[in-house]
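Using this note's numbering, the letters of the sequence shown correspond one by one to residues 17 to 95.
C-beta atoms are modelled at their ideal positions from N, C-alpha and C, and glycine is treated no differently.
Reading through the structure tokens given below for one structure.
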Amino acid sequence: MLLRCAAIEYARRARRVKLLAFHPGTTDTPLSAPFRKNVPPDRLFTPAYVADRLLAIMEHAEADGELDFVDWAGEAVAW
Numbered sequence: 017m018l019l020r021c022a023a024i025e026y027a028r029r030a031r032r033v034k035l036l037a038f039h040p041g042t043t044d045t046p047l048s049a050p051f052r053k054n055v056p057p058d059r060l061f062t063p064a065y066v067a068d069r070l071l072a073i074m075e076h077a078e079a080d081g082e083l084d085f086v087d088w089a090g091e092a093v094a095w
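Shown next as structure tokens:
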């Protein structure tokens, strides 16, 4: 709800803005250590890979005043 409200407020002030909520997938960090054994190797991402994916998504995002929730592949995630 916070992000949706922020998107509405930003759109009122600056039409050429884009807010993104980003799901990085399971990233190989100490935080995900307890869950790694259940994650297929092709779904356990390095922090560098996740950062590259986020940059690519941001570069191609349309500044339409809307909020999008996307995953590491740029696919929409249902709220």
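Among all the DSSP beta bridges, which residues are the ones paired with residue i?
i     : result
Asp84 : Leu36
Leu96 : Beyond the ends of the chain as shown, which are 17 and 95, falls residue 96; an answer cannot be given.
Please identify the residue among the options whose C-alpha is closest to the C-alpha of residue i.
i     : options                       : result
Met17 : Asp68, Phe85 and Ala89        : Phe85
Asn54 : Ala64, Trp95 and Thr43        : Thr43
Ala89 : Ala79, Ala30, Trp95 and Leu70 : Leu70
Pro56 : Gly41, Tyr65, Ala30 and Val66 : Gly41
Per DSSP, what kind of secondary structure is residue i in: helix, strand or coil?
i     : result
Gly89 : Gly is not the amino acid found at residue 89; the sequence shown has Ala there. Note: Ala89 maps to coil in three-state DSSP.
Glu75 : helix
Val55 : coil
Which whole-angstrom value describes the C-beta separation of residue i and residue j, a residue pair presumed to lie in contact below a C-beta threshold of 8 angstroms?
i     : j     : result
Leu83 : Arg20 : 6 angstroms
At least three beta-carbon pairs within less than 8 angstroms, the stretch 32 to 39 to the stretch 68 to 86: yes
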